[in-house]
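> In the UniProt record's numbering, the protein residues as written are 1 to 98.
1. List, from N- to C-terminal side, the beta strand (DSSP E) runs of 3 residues or more that fit wholly inside the segment 54 to 97.
2. Could you check where the alpha helix (DSSP H) with residue 21 kicks off and where it finishes?
3. Checking contacts by CB at 8 Å: is residue 12 closer than that to chain B?
4. So who's on the other strand from residue 49, going by DSSP bridges?
5. Just the C-alpha distance for residue 16 and residue 67, rounded to the nearest angstrom, thanks.
6. Anyone know if the C-beta pair for residue 65 and residue 7 falls short of 8 Å?
7. Does DSSP put residue 28 in a helix, a strand or coil?
8. Using a 10 Å radius around the Cβ and a threshold of 16 neighbouring Cβ atoms, would you call residue 1 buried or exposed?
9. Please return the same chain residues whose Cβ sits closer than 8 Å to the Cβ of residue 53, not counting the five positions on each side in sequence.
10. When the Cα atoms are used, what is the spatial distance from residue 87 to residue 77?
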């Protein structure tokens, strides 16, 4: 959900996505941890992948959320909001018991 949210703002590459997650204190176990996530998003056909040549002449892989990814993101955000609401209700019910 977090990676798709980042990609909804702009296309990005792995290291850049990892750094953006860190801004929100969402840390991965090293730069190599982001690539299995991106591979899964690609396999699910929620992102498109393109290659661009950098100023140094090396190819960089960019990820862009596509229409299927945006629909999936909307669904999982809805699921997240519902889960938060249910947890809040549960905690409120149990507040007197704590």
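Where is the CB? At the ideal position from N, CA and C, for every residue including glycine. None of the values given here were measured: they were computed from a predicted structure.
Taking the structure as given:
1. Correct list: 59 to 65.
2. The residue labelled residue 21 in the question sits at position 21 within the chain shown. From DSSP, the alpha helix (DSSP H) with residue 21 extends over 14 to 23.
3. Any reference to chain B falls outside this structure, which holds one protein chain only.
4. Position 49 of the chain shown, counted from the first residue, corresponds to residue 49. Paired residue(s): 63.
5. Against the chain shown, residue 16 aligns to sequence position 16. Against the chain shown, residue 67 aligns to sequence position 67. Those two C-alpha atoms are separated by around 22 Å.
6. Counting from 1 along the chain shown, the entry for residue 65 is found at position 65. Counting from 1 along the chain shown, the entry for residue 7 is found at position 7. It is a contact, given that the beta carbons lie within the stated cut-off.
7. Position 28 of the chain shown, counted from the first residue, corresponds to residue 28. The three-state reading of DSSP puts residue 28 in coil, since its state is none of H, G, I, E or B.
8. Here residue 1 is taken as the residue at index 1 of the chain shown, counted from 1. Counting Cβ neighbours within 10 Å, residue 1 comes out exposed, since fewer than 16 surround it.
9. Along the chain shown, one-based indexing puts residue 53 at 53. Cβ neighbours of residue 53 beyond the five flanking positions: 59 and 60.
10. By 1-based counting over the chain shown, the position of residue 87 is 87. By 1-based counting over the chain shown, the position of residue 77 is 77. Rounded to the nearest angstrom, the two C-alpha atoms are 15 Å apart.
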